[in-house]
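Trainee:
There are 2 protein chains.
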Amino acid sequence: MDHADQALKRRQTMMKAALQAYVDRTNAGDAEGLVALFAPDAVIEDPIGTPAKTGKEIPVWFADSVAFDTWITPVVPARGSHAHEAALVFDVEFTPPEGPRLRIRSLDVCTFDDAGLITHLKAYWGPDDIEPA
Amino acid sequence: MDHADQALKRRQTMMKAALQAYVDRTNAGDAEGLVALFAPDAVIEDPIGTPAKTGKEIPVWFADSVAFDTWITPVVPARGSHAHEAALVFDVEFTPPEGPRLRIRSLDVCTFDDAGLITHLKAYWGPDDIEPA
């Protein structure tokens with residue numbers, strides 16, 4: 001295995017570990033830990049087609065996620081790539097302030113920097129992908 | 134449901150039908166039918182991090198796919214979004230010229246034009262996501 005292959009393999013491992021940490025910290029209600037997975041200039045589009053969240057909106061987003069008792073269940077193994085992107089496929093349950101509890105069939109694709117921090121998260125889920133939990 | 138919501142719902146249906154057609158035409162060995170799902174200026178990155186395929190490379194790509202006896206098995210329901218993007222999560226088996234038969238845990242995110250044709254396909258799979266079939 002040459003140097004480029006080794007670097008590629010290391011990056012896959014790093015990206016998938018970060019995605020697993022995203023699951024674990026969500027389910028632990030660890031909002032600060034979630035924010036720590038993101039680069040300072042990160043952009044979150046969740047879902048794609050709604051206004052992007054950046055800067056100070058990101059801690060607020062994850063505080064809400066914890067307040068809504070969010071629980072992520074990965075449904076297949078995460079996917080890597082041959083670059084700085086990887087994907088997490090999951091069902092997510094949460095209870096919004098207006099209730100009732102909901103389940104979304106979702107999917108996050110993330111771009112990472114060289115330090116393994118998420119610079120861009122795009123969530124794929126549409127109006128057909130949400131149902132009562 | 135207002136006009137924008139109706140348009141959004143229609144687009145989800147159109148995108149998911151196109152993704153199902155991508156599965157069905159792959160499994161039927163229908164290379165021409167696969168090419169017909171793409172806009173003339175479409176870009177295919179499969180996997181992300183390798184050179185993009187465009188123009189006349191796309192029919193060659195799908196002719197190879199058929200020649201390699203490619204079979205796609207979706208593993209969870211497709212995901213839409215609140216814009217012109219949707220995602221297909223699948224395992225894919227194929228037999229490359231150098232053999233043996235392989236299985237990739239893959240995931241395609243696609244952007245669509247207003248006619249429902251794919252303008253951009255990005256495939257998420259890395260070196261950890263491939264194994265003997």
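Chains as they are written, first to last, in the working numbering: chain X, 1 to 133; chain U, 134 to 266. C-beta: ideal position from N, C-alpha, C; glycine also. Bear in mind the structure is a predicted one, so any value in this text is a computation, not a measurement.
(1) Applying the 10 Å Cβ sphere with the 16-neighbour rule, what's the burial state of U/Gly-259?
(2) Where does the unbroken alpha helix (DSSP H) through U/Ala-200 begin, and where does it stop?
(3) Between U/Asp-135, U/His-215 and U/Ala-211, which lies nearest to U/Asp-224 when the distance is taken from Cα to Cα?
(4) Could you give the DSSP three-state label for U/His-136: helix, strand or coil?
(5) Output the residue ranges of the beta strand (DSSP E) runs that lie fully inside the segment 22 to 109 of chain X and measure 3 residues or longer, sorted by chain position.
(6) Does any residue of chain X bring its CB to less than 8 Å from the CB of U/Glu-264?
(7) Would the segment 104 to 122 of chain X and the segment 135 to 152 of chain U be scored as touching if the rule is three or more Cβ pairs under 8 Å?
(8) Hey, does X/Leu-102 have any beta-carbon neighbour from chain U nearer than 8 Å?
(9) Do you know whose CA, among U/Thr-203, U/Tyr-257 and U/Pro-233, lies nearest U/Asp-157's CA?
(10) Between X/Asn-27 and X/Ile-72, what straight-line distance do the alpha-carbon atoms span, to the nearest angstrom?
(11) According to DSSP, simplified to helix, strand and coil, what is X/Leu-19?
(12) Compile a chain-ordered list of the residues in the segment 233 to 259 of chain U whose CB is closer than 7 Å to at least one CB of chain X.
(13) With distances taken Cα to Cα, identify the nearest neighbour of U/Glu-218 among X/Ala-17, X/His-120, X/Lys-16 and X/Gly-49.
(14) Buried or exposed for X/Gln-12, going by 16 or more other Cβ atoms inside 10 Å?
(15) Using Cβ-Cβ distances below 8 Å, what residues of the segment 32 to 61 of chain X are close to chain U?
(16) Is it true that the CB of X/Pro-47 sits closer than 8 Å to the CB of X/Ala-133?
(17) In its own chain, which residues sit with a C-beta less than 7 Å from the C-beta of U/Ile-177, not counting the 5 before and 5 after it?
(18) Using 8 Å for Cβ pairs, my map puts U/Val-222 next to X/Val-89. What's the rounded Cβ distance?
(19) Can you tell me the Cα-Cα spacing of U/Cys-243 and X/Pro-100, whole angstroms?
(20) Does DSSP put U/Leu-254 in a helix, in a strand, or in coil?
(21) Distance, Cα to Cα, U/Thr-274 vs U/Gly-213?
(22) Using C-beta distances below 7 Å, list every residue in its chain close to X/His-39, excluding the 5 sequence neighbours before and after it, in chain order.
(23) List, in order along the chain, the chain X residues whose C-beta lies closer than 7 Å to that of U/Ala-220?
(24) May I ask you to list, following chain order, the residues of the segment 11 to 25 of chain X that have a beta carbon less than 9 Å from some beta carbon of chain U?
(25) Looking at C-alpha atoms only, which residue of U/Lys-142, U/Thr-228, U/Gln-153 and U/Val-209 is the closest neighbour of X/Arg-105?
(26) DSSP has X/Pro-132 in a bridge; who is on the other side?
Mentor: Judging by the given coordinates:
(1) By the neighbour-count criterion, in which a residue is buried when 16 or more other Cβ atoms sit within 10 angstroms of its Cβ, U/Gly-259 is buried.
(2) It spans 190 to 200 - the alpha helix (DSSP H) in which U/Ala-200 sits, taken as one unbroken run.
(3) Minimum Cα distance to U/Asp-224 is reached at U/Ala-211.
(4) Reduced to three states, the DSSP call for U/His-136 is helix.
(5) The DSSP assignment places 38 to 45, 71 to 74 and 85 to 94 as complete runs of the beta strand (DSSP E) inside the segment 22 to 109 of chain X, in order along the chain (cut-off: 3 residues).
(6) Look at U/Glu-264: its C-beta is not under 8 Å from any C-beta on chain X.
(7) Too few Cβ pairs lie closer than 8 Å, so no.
(8) For X/Leu-102, the nearest beta carbon of chain U is not closer than 8 Å to its own beta carbon.
(9) Of U/Thr-203, U/Tyr-257 and U/Pro-233, the residue nearest in Cα terms is U/Thr-203.
(10) One C-alpha to the other measures close to 6 Å.
(11) DSSP places X/Leu-19 in helix when its eight states are reduced to three.
(12) Cβ contacts with chain X: Arg-238, Ser-239, Leu-240, Val-242, Tyr-257, Trp-258 and Gly-259.
(13) If we check each option's Cα against that of U/Glu-218, X/Gly-49 comes out closest.
(14) Buried, by the Cβ-count rule.
(15) Here the close residues are Pro-47, Ile-48, Gly-49 and Thr-50.
(16) Against a cut-off of 8 Å, the Cβ pair of X/Pro-47 and X/Ala-133 comes out as no contact.
(17) So the qualifying residues of the chain are Ala-185, Lys-186, Ile-191, Trp-194 and Leu-254.
(18) Yes, they are in contact, since the Cβ atoms of U/Val-222 and X/Val-89 sit about 5 Å apart, within 8 Å.
(19) Straight-line Cα distance between these residues: approximately 32 Å.
(20) If DSSP states are grouped into helix, strand and coil, U/Leu-254 belongs with the strands.
(21) With chain U covering only 134 through 266, there is no way to say anything about residue 274 of chain U.
(22) The identity of residue 39 of chain X in the sequence shown is Ala, whereas the question assumes His. Contacts found: Asp-113, Leu-117, Ile-118 and Thr-119.
(23) In chain order: Leu-107 and Tyr-124.
(24) So the close ones are Arg-11, Gln-12, Thr-13, Met-15 and Lys-16.
(25) Checked all of U/Lys-142, U/Thr-228, U/Gln-153 and U/Val-209; the closest Cα to X/Arg-105 is U/Val-209.
(26) Checking the DSSP bridge columns, you'll see X/Pro-132 partnered with X/Leu-102.
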